[in-house]
Amino acid sequence: MPYLYSPGFIIRNSLFDMSITSQVNPIASLILSALSEQIEEKSLVWLAQKREKILLSGREMDFFMAFSQVSRYFKNIPLSLSQEQMEEANAICEGIRLDLWTQLQTARTYLVLQFPAPDHASWMGTLQKLFETGDMLEIEALYAALPLMPYPEEMISRAREGLRTNITSVFDAVALNNPFPAKYFDESAWNQMVVKAIFMQRPLFKIQHAESRVNQELANIIIDFAHERWSAGRNVIPELWRFVGPFIDSENIKDISKVVTSDKELEQKAALLACSMSTFDGAKALLNQHPEVKTEIETGKLDWNWIGEQALADS
Amino acid sequence: MFIDPHIHVTSRTTDDYEAMRKAGIVAIIEPAFWLGQPRTEAASFKDYFSSLVGWERFRAKQFGIVHYCTIGLNSKEANNEPLAEQVMELLPLYAGKQGVVAIGEIGYDDQTAAEDKFYRLQLELAKEMDLPVMIHTPHRDKKKGTTKSMDVSEEHGLAPNMVIVDHNNEETVKEVLDRGYWAAFTIYPHTKMGSERMVDIVKQYGPERIIVDSAADWGISDPLAVPKTAALMRKMGIPEEHIRMTCYQNALTAYAQSGQMDELDWLNAEPIDQTKKMSGNSVLRGGQVPRVDGPSDRVEN
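For the record, the sequence lines run as chains R and H. Per numbering that gives the first Met the number 0: the first sequence = residues 0 to 314. Per numbering that gives the first Met the number 0: the second sequence = residues 0 to 300.
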């Protein structure tokens, strides 16, 4: 872990009295070292003091007030991470995207990871209050940190509650660039998330492990959704065909054909890309009628990330 | 550009938001208040405070308006003492949050002993949190109530420059300004303080420490009161700089003392999207062009 030996870290780490400890959480020391390299001394001193206060008193109120007041010392600007730090984070928690976090949410997460969690009932009670009284950015920070929390399985219903929000940024914190859903959601929660993401026109390619969680039920819901939108004379986002691809059958092939003949290139390509995921003969035949797109897919030039990026650029 | 530093937007429609933005309102402050009928549970206050720092912030943002709020127990509901005690325990949870620019609106309604007790406790909280105070002056027995509000505030050692006294009229303004406080005026359609009277006050007292707001809520009120009053001032020959001060700058200066309100919040030219940050830093534009999120940021419900 070469980052531990950066001069800034050694000097500043002395602020944090590590003899006072709560649960051992390797990600907490990683984010502390990342923060130490880019935050001014005054803010680090404050964070060290609050950590100590929370650990020694174990009082919820101290924790809650510090959690809010982080915004007075840390900015809502991007956290910088070295390549090594990103790899380290990924080794501790696969898929965690600290590189997309802000300094503010990182410091808040640090405090959350410090709060003593002697058993899951007390931890859940405290977190429940934190969620219920949180402002927009605080709640975003908490959802993005779910996979790092001590009892992640216990947080599944909370994550599902997060999907019910209509605040786009809060929804995104659960659904996008977060390893939590793919790892912990059952099929109904997963489908609830993907369908809402489609409805809210979110960039689906930022949902982690999308393809490993495709299922027949979801494909059926999506086909119905497309019909509903078309009846209303509206479009659907091209990315949704990704979740239908492996379930193309004699029934829904007509919908796929319809999109393939669309006058919008992106929709056409998305439908053909969906065909490439299918073992159904009709889908293969459709793809074979477009050899140039088929080549793009085979050479890796056209994939769901490309479709997603294009759709985002057009929006 | 205008700031409406007192508006209860939780009870306004999206049509209002759209009209406000079109009229040039870039930032608003929503003081915690009552809901027209008294609450009976502390949890109702919790959810209300949470919506002030959560959902309403998001709603405003969709229309390119930056939403701030004040947190406090209003004077009417202070009269339910057992409930008020529980609400007092909730306040520290919210008072320190980002975008909370004052403790308010607090003060007197019927000027009862219970109102006095919780007003004083909240003045202490403001001092402890180093936050400004927004005072709601009573609609009945106003002159005496206004004087008393300032007397008690001074008794607790608050500096007048940290206190905004709201709902002034011709009878109260002189003393409020003379004692060094910010004097806010709520423009009510039909009754009380109208735009015409506001113009006369600015003519007489000048623009120093005078703030115009709408206090629009669930009652008959006008969310465009600030831009309309500005337009009338312009028509009546009030200098541009005086309009800017009373309808924008003074509110900003007074509430920015919280450290929670910054002009850059609405002048920041680009929507901040953390997932896009790798390809370019967000740029602060020097000119006076407020950021507006596109219609794609609006949600379907």
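Glycine included, C-beta positions come from ideal geometry on N, C-alpha and C. Here the structure is a predicted model, which is why all the values come from computation and not from measurement.
Reducing DSSP to helix, strand and coil, say where residue i ends up.
i          : result
Ala-90(R)  : helix
Gly-63(H)  : coil
Phe-48(H)  : helix
Ala-42(H)  : helix
Glu-36(R)  : helix
Ala-188(R) : helix
Gly-258(H) : coil
Met-133(H) : strand
Asp-6(H)   : The identity of residue 6(H) in the sequence shown is Ile, whereas the question assumes Asp. Correct three-state label for Ile-6(H): coil.
Ala-18(H)  : helix
Thr-69(H)  : strand
Trp-302(H) : Because chain H here runs from 0 to 300, residue 302(H) falls outside it and cannot be looked at.
Asp-216(H) : coil
Glu-29(H)  : strand
Ile-237(H) : coil
Glu-207(H) : coil
Suppose you measure from the CA of residue i to the CA of residue j; what does that come to, to the nearest Å?
i          : j          : result
Gly-35(H)  : Glu-186(R) : 44 Å
Val-65(H)  : Thr-111(H) : 36 Å
Phe-8(R)   : Ser-32(R)  : Annotation note: pLDDT 47 at Phe-8(R) (below 50); position unreliable, no value reported.
Glu-216(R) : Leu-265(R) : 25 Å
Gly-236(H) : Pro-131(H) : 33 Å
Glu-227(R) : Phe-198(R) : 12 Å
Ala-270(R) : Asp-134(R) : 40 Å
Val-173(R) : Gln-68(R)  : 23 Å
Lys-96(H)  : Glu-297(R) : 52 Å
Thr-105(R) : Ala-116(R) : 19 Å
Asn-234(R) : Gly-23(H)  : 33 Å
His-289(R) : Lys-300(R) : 15 Å
Leu-46(R)  : Lys-126(H) : 23 Å
Val-194(R) : Glu-29(H)  : 34 Å
Tyr-93(H)  : Gln-121(H) : 13 Å
Ile-222(R) : Ala-158(R) : 26 Å
Trp-33(H)  : Gly-244(R) : 53 Å
Asp-262(R) : Thr-164(R) : 35 Å
Tyr-254(H) : Cys-274(R) : 58 Å
Ser-211(R) : Phe-242(R) : 10 Å
Pro-25(R)  : Ser-42(R)  : 22 Å
Gly-161(R) : Gly-218(H) : 33 Å
Val-198(H) : Glu-240(H) : 14 Å
Gln-102(R) : Trp-189(R) : 29 Å
Thr-69(H)  : Glu-83(R)  : 43 Å
His-166(H) : Met-64(R)  : 32 Å
Gln-256(H) : Ala-250(H) : 10 Å
Val-259(R) : Leu-286(R) : 9 Å
Leu-129(R) : Arg-119(H) : 28 Å
Asn-75(R)  : Ile-247(R) : 44 Å
When we look at the beta-carbon of residue i and count the other beta-carbons within 10 Å, is it buried (16 or more) or exposed?
i          : result
Met-277(H) : Note on Met-277(H): pLDDT 32, under 50, position unreliable in the model; the coordinate value appears next. Under this definition Met-277(H) is an exposed residue.
Asp-313(R) : exposed
Gln-259(H) : buried
Met-128(H) : buried
Met-60(R)  : exposed
Lys-173(H) : exposed
Gly-286(H) : Here Gly-286(H) scores only 42 on pLDDT, less than 50, and its place in the model should not be relied on; the value that follows carries that caveat. That one is exposed.
Lys-143(H) : exposed
Ala-196(R) : buried
Glu-88(H)  : exposed
Lys-49(R)  : buried
Arg-71(R)  : exposed
Ala-158(H) : exposed
Pro-37(H)  : exposed
Note down, in chain order, every chain H residue with its Cβ under 9 Å from the Cβ of residue i.
i          : result
Gln-309(R) : Chain H residues near Gln-309(R): none, gap ~15 Å exceeds 9 Å.
Ile-138(R) : Gly-53
Name, please, each residue of chain R whose Cβ falls closer than 8 Å to the Cβ of residue i.
i          : result
Arg-56(H)  : Asp-134, Met-135
Gly-258(H) : Arg-71
Taking residue i as the query, report the chain H residues whose CB atoms sit under 8 Å from its CB, ordered along the chain.
i         : result
Met-64(R) : Pro-91, Leu-92, Gly-95
In chain R, which residues lie with their C-beta within 9 Å of the C-beta of residue i?
i         : result
Lys-45(H) : Glu-131, Thr-132
Ser-49(H) : Glu-131, Thr-132, Gly-133, Asp-134
Whose Cβ in chain H lies nearer than 7 Å to the Cβ of residue i?
i         : result
Ser-70(R) : Gln-97
Ser-67(R) : Gly-95, Lys-96
At a cut-off of 8 Å, is residue i close to the ligand NAD when judged by its beta-carbon and the heavy atoms of the ligand?
i          : result
Ala-312(R) : In the structure shown, the ligand NAD is absent, as is every other ligand, since no ligand is present at all.
Length-filtered (3 minimum) beta strand (DSSP E) runs lying within the region 74-154 of chain R: none
Secondary structure, beta strand (DSSP E): runs of 3+ residues fully inside the region 147-173 of chain H: 162-165
What alpha helix (DSSP H) runs, 4 residues minimum, are completely inside the region 255-312 of chain R? 264-274, 280-287, 290-297
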